[in-house]
Amino acid sequence: MEVERVFIGVGCNRVVYNVSWGASGLVSFGAQNAVAIFCPKTAQILTTLPGHKVSVNCTLWLPNSKFAFKAKQLEQHFLLSGDAEGVIILWEYSLVDAKVVICLFQHSLVTLH
5 MEVERVFIGV
15 GCNRVVYNVS
25 WGASGLVSFG
35 AQNAVAIFCP
45 KTAQILTTLP
55 GHKVSVNCTL
65 WLPNSKFAFK
75 AKQLEQHFLL
85 SGDAEGVIIL
95 WEYSLVDAKV
105 VICLFQHSLV
115 TLH
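If you read the sequence shown in our numbering, its first letter stands for residue 5, the second for the next number, and so on.
Written as structure tokens, this is what we have:
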């Protein structure tokens with residue numbers, strides 16, 4: 005028996021700063037307790053990144069637009085996601101794989117801007 009992914013469907017959480025358009029051309033957004041990665045060129049959700057236990061409220065691709073000209077050539081990109089309980093996850097993302105680099109909890113943060 006062979007299993008093939010045919011469709012990934014998600015809905016975007018209704019929160020300000022939830023959507024981030026990366027220099028790579030990919031879009032990230034919170035989708036319930038996961039982060040969804042969307043490709044505007046193909047109009048498809050490429051994957052979802054589970055890891056949060058509560059609603060994801062914000063996402064941000066790194067580097068930000070200030071360094072966008074460098075990011076298009078990179079094979080790996082970094083993405084921050086934050087949830088309603090103050091947990092922040094730094095993801096390392098490539099088209100082949102995604103993994104958690106570090107997970108910070110609210111009590112370990114002084115401030116985040």
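For every residue, glycine included, the Cβ atom is placed at its ideal position computed from N, Cα and C.
On a predicted model such as this, the values are computed, not experimentally measured, just so you know.
Exposed unless 16 or more other CB atoms sit within 10 angstroms - verdict on residue i
{"i": "serine 98", "result": "exposed"}
{"i": "phenylalanine 42", "result": "buried"}
{"i": "valine 91", "result": "buried"}
{"i": "glycine 15", "result": "exposed"}
{"i": "valine 7", "result": "exposed"}
{"i": "leucine 113", "result": "Residue placement at leucine 113 is poorly supported in this model, since its pLDDT is 48, which falls under 50; the coordinates still yield a value, given next. The residue is exposed, with fewer than 16 neighbouring Cβ atoms inside 10 Å."}
{"i": "tryptophan 95", "result": "buried"}
{"i": "valine 60", "result": "buried"}
Beta-carbon spacing of residue i, residue j below 8 Å
{"i": "valine 39", "j": "serine 28", "result": "no"}
{"i": "threonine 63", "j": "glycine 34", "result": "yes"}
{"i": "aspartate 87", "j": "valine 58", "result": "yes"}
{"i": "glycine 55", "j": "isoleucine 93", "result": "yes"}
{"i": "leucine 66", "j": "leucine 83", "result": "yes"}
Opposing strand residues paired with residue i [DSSP bridges]
{"i": "leucine 66", "result": "Phe82"}
{"i": "valine 60", "result": "Asp87"}
{"i": "glutamate 6", "result": "Answer by DSSP bridge pairing: none, since glutamate 6 is not bridged."}
{"i": "isoleucine 49", "result": "Phe42"}
DSSP three-state assignment for residue i, whether helix, strand or coil
{"i": "leucine 30", "result": "coil"}
{"i": "phenylalanine 42", "result": "strand"}
{"i": "leucine 99", "result": "coil"}
{"i": "isoleucine 12", "result": "coil"}
{"i": "valine 20", "result": "coil"}
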